[in-house]
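Before any comments, here is the structure.
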DNA sequence: AATGTGACATACC
DNA sequence: TGGTATGCCACAT
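What follows is the structure in C-alpha cells.
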C-alpha cells in the first residue's frame, strides 16, 4: 500500500473511494456520512465513513473532511480537528453558516454524490 | 481472543 | 415524539 496508513486490505479501496468522493464535494457545500456510504454501496456502513474521515487526517493529501456532517447537518466530528471550533471555522470560511454545531440551511447546501447536481448541470 | 468503542443511520417500541 | 435497540465493521485495549 502506498502510504503508512493502516487499513485492512479488503477495505482499502473502499476507504480510497470515500476520500475521492469527499474531495469532490464542491466548496461551500456539505454531504452526510450516510449519503457517501449509500453512494459507495455500503448503505449500512456509514460508520466506516466516519472512520475513513478519522484516518484522512494522516493522509499526505488534504481531504475536506469538514464538509461531511451527519444526516441532520450536525458537526459531530468537530472534536477531531484539533481545536474545538476548527471545523466550524473552516466551514464559515467557505460561506457556510453554523449555529449550535449545526449547518444552517443544511437541506439547501446538501450535496448528494449520487445525484451530483453540480456535476450534471455543468 | 474477547470485549468495548465509535466523526452513523434506521427500526421499533 | 423520543428514547432504546440493533446493524455495521475497523480498531483499540
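Residue numbers (the working numbering): 3 to 124.
Ideal Cβ positions, reconstructed from N, Cα and C, are used throughout, including at glycine.
Below 6 Å CB to CB, which residues in the same chain sit around residue i once its five sequence neighbours on both sides are set aside?
i: residue 67; result: 55 and 58
Three-state secondary structure (DSSP) at residue i?
i: residue 23; result: helix
i: residue 78; result: coil
i: residue 71; result: strand
i: residue 32; result: strand
i: residue 46; result: coil
i: residue 112; result: strand
i: residue 63; result: coil
i: residue 57; result: helix
Which residue marks the beginning of the alpha helix (DSSP H) containing residue i, and which one marks its end?
i: residue 38; result: 35 to 41
i: residue 92; result: 88 to 94
Could you give the distance in angstroms between the alpha-carbon of residue i and the alpha-carbon of residue j?
i: residue 3; j: residue 98; result: Legend: pLDDT at residue 3 = 40, less than 50; position of this residue unreliable, no value from coordinates given.
i: residue 32; j: residue 100; result: 12 Å
i: residue 96; j: residue 29; result: 6 Å
i: residue 107; j: residue 74; result: 11 Å
i: residue 94; j: residue 17; result: 27 Å
Closer than 7 Å: is that where the CB of residue i sits relative to any heavy atom of the ligand ATP?
i: residue 57; result: Inclusion of the ligand ATP in the displayed structure is not the case, the ligand content being empty and no account of it being possible.
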